[in-house]
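J.:
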Amino acid sequence: AQRVTQPEKLLSVFKGAPVELKCNYSYSGSPELFWYVQYSRQRLQLLLRHISRESIKGFTADLNKGETSFHLKKPFAQEEDSAMYYCALSHPGSYGKLTFGQGTILTVHP
Amino acid sequence: ETGVTQSPTHLIKTRGQQVTLRCSSQSGHNTVSWYQQALGQGPQFIFQYYREEENGRGNFPPRFSGLQFPNYSSELNVNALELDDSALYLCAFSRDRGYEQYFGPGTRLTVT
Numbered sequence: 126a127q128r129v130t131q132p133e134k135l136l137s138v139f140k141g142a143p144v145e146l147k148c149n150y151s152y153s154g155s156p157e158l159f160w161y162v163q164y165s166r167q168r169l170q171l172l173l174r175h176i177s178r179e180s181i182k183g184f185t186a187d188l189n190k191g192e193t194s195f196h197l198k199k200p201f202a203q204e205e206d207s208a209m210y211y212c213a214l215s216h217p218g219s220y221g222k223l224t225f226g227q228g229t230i231l232t233v234h235p
Numbered sequence: 130e131t132g133v134t135q136s137p138t139h140l141i142k143t144r145g146q147q148v149t150l151r152c153s154s155q156s157g158h159n160t161v162s163w164y165q166q167a168l169g170q171g172p173q174f175i176f177q178y179y180r181e182e183e184n185g186r187g188n189f190p191p192r193f194s195g196l197q198f199p200n201y202s203s204e205l206n207v208n209a210l211e212l213d214d215s216a217l218y219l220c221a222f223s224r225d226r227g228y229e230q231y232f233g234p235g236t237r238l239t240v241t
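Top to bottom, those sequences are chains A and B. Here this note's numbering is used: the first residue of the first sequence is 126, the next is one more, and so on. Here this note's numbering is used: the first residue of the second sequence is 130, the next is one more, and so on.
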């Protein structure tokens, strides 16, 4: 069965510090991986997708198939990055059928 | 902006009752997925509809059922409500089962 694990429920950093939100997955095959974000009083929205290999709002995520990880990183955190972050997985081509992790609440202190 | 709306915002039901939740989008996106999010957990996939047909289902019993209408709006029906059904129910639209999903604000269901 596929599973996504985000080991940290809470993560606090200071503004300007690097931040890494961890995500590990279990899946037999090559999954599609995503990071979703929910800012305060806003809806869940897609942050980035591993295939696109983009940097969105300064965040990047690299798929490490050997370690089955998809950690989200940003070199210099900003206060506006404070939010709930979810890592999610889907079968290739089955994008709407996501398996989410439990989420990590990131707080960036001034 | 895709204008995904869900109704009602909140509701309270009694165990054993039935409930219908609704979801619509202004975008014309033809794929809708429903998720259940229990407190402190990530969303859990319930099912997906594509062009009015069920297109995949998660690990939920048959008392969770759905519909998609010709205008692509959708309903989630839950029969014989149980206390554990208390959760935030999210819907998300996409185009042609694509990866870019647009979530609604959710309906908070409380079962007492």
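We treat Cβ as the ideally placed atom computed from N, Cα and C, and that holds for glycine. Keep in mind it's a predicted model, so treat the numbers as computed, not measured.
(1) Below 8 Å CB to CB, which residues in the same chain sit around A:K222 once its five sequence neighbours on both sides are set aside?
(2) By the three-class DSSP mapping on this structure, what secondary structure does B:E229 have?
(3) Assess, as a yes-or-no matter, whether the segment 175–185 of chain A is touched by the segment 193–212 of chain A under the definition of 3 or more beta carbon pairs within less than 8 Å.
(4) Quick check: the segment 191–209 of chain B against the segment 158–167 of chain B, are there 3 or more CB pairs under 8 Å?
(5) Between B:V133 and B:S156, what straight-line distance do the alpha-carbon atoms span, to the nearest angstrom?
(6) Could you say which of B:V240, B:P190, B:R180, B:L210 lies nearest to B:F222 if we only look at CA atoms?
(7) Report back the beta-carbon spacing between A:Y152 and A:Q127 to the nearest angstrom; my notes put them in contact at under 8 Å.
(8) For A:E205, which of helix, strand or coil comes out of DSSP?
(9) Quick check on DSSP: helix, strand or coil for B:L212?
(10) Judging by CA-CA distance, which residue of B:H139, B:G171, B:T143 is the nearest neighbour of A:F225?
(11) Checking 8 Å against the spacing of the C-beta atoms, do A:Y164 and A:L158 come in under that value?
(12) Going along the chain, which residues of the segment 189–204 of chain A sit with their C-beta nearer than 9 Å to a C-beta in chain B?
(13) Could you tell me if B:T143 is buried or exposed, where buried requires 16 or more neighbouring beta carbons within 10 angstroms of its beta carbon?
(14) Taking the alpha-carbon positions, what's the B:L210 to A:S180 distance?
(15) My output table needs one value for B:T241: the three-state DSSP class, helix, strand or coil.
(16) Using the Cα positions of B:L168 and B:G145, report the straight-line distance between them to the nearest angstrom.
(17) My output table needs one value for B:C220: the three-state DSSP class, helix, strand or coil.
(18) So B:R152 is in the beta strand (DSSP E); what residue range does that whole segment cover?
(19) Would B:N159 be called buried (16 or more neighbouring beta carbons within 10 Å of its own) or exposed?
T.: Reading from the atomic positions:
(1) Counted from its first residue, the first sequence places residue 222 of chain A at position 97. The answer, listed in chain order, is S215, H216.
(2) As a working mapping, residue 229 of chain B is identified with position 100 in the second sequence. Three-state DSSP puts B:E229 in coil, outside helix and strand.
(3) yes
(4) yes
(5) Here residue 133 of chain B corresponds to residue number 4 of the second sequence, with the count starting at 1. Here residue 156 of chain B corresponds to residue number 27 of the second sequence, with the count starting at 1. Taking the straight line joining both Cα atoms gives about 8 Å.
(6) Taking the first residue of the second sequence as 1, we reach residue 222 of chain B at position 93. Ranking B:V240, B:P190, B:R180, B:L210 by Cα distance to B:F222 puts B:R180 first.
(7) On the first sequence, residue 152 of chain A is found 27 positions in, with the first residue counted as 1. On the first sequence, residue 127 of chain A is found 2 positions in, with the first residue counted as 1. Indeed, because the Cβ distance is near 5 Å, the residues count as touching under 8 Å.
(8) Against the first sequence, residue 205 of chain A aligns to sequence position 80. Helix, per DSSP.
(9) Walking along the second sequence from the start, residue 212 of chain B turns up at place 83. Helix at B:L212.
(10) Numbered from its first residue, the first sequence carries residue 225 of chain A at position 100. A:F225 has its Cα closest to that of B:G171, out of B:H139, B:G171, B:T143.
(11) Within the first sequence, residue 164 of chain A is the residue found at index 39, counting from 1. Within the first sequence, residue 158 of chain A is the residue found at index 33, counting from 1. No, Cβ-Cβ distance for A:Y164 and A:L158 is not below 8 Å.
(12) none
(13) Sequence index remark: in the second sequence, residue 143 of chain B carries index 14 (1-based). Answer is exposed; the Cβ neighbour count stays below 16.
(14) On the second sequence, residue 210 of chain B is found 81 positions in, with the first residue counted as 1. On the first sequence, residue 180 of chain A is found 55 positions in, with the first residue counted as 1. The straight-line gap from Cα to Cα measures roughly 43 Å.
(15) Here the question's residue 241 of chain B lines up with position 112 in the second sequence. Coil, per DSSP.
(16) Residue 168 of chain B sits at position 39 when you count from the first residue of the second sequence. Residue 145 of chain B sits at position 16 when you count from the first residue of the second sequence. For B:L168 and B:G145, the distance between alpha carbons rounds to 21 Å.
(17) Start at 1 with the first residue of the second sequence, and residue 220 of chain B comes out as number 91. Strand, per DSSP.
(18) On the second sequence, position 23 is the one that residue 152 of chain B refers to. Contrary to the premise, residue 152 of chain B reads as Cys rather than Arg in this sequence. Start and end: 148–153.
(19) As a working note, residue 159 of chain B is residue 30 in the second sequence. Counting Cβ neighbours within 10 Å, B:N159 comes out buried, since at least 16 surround it.
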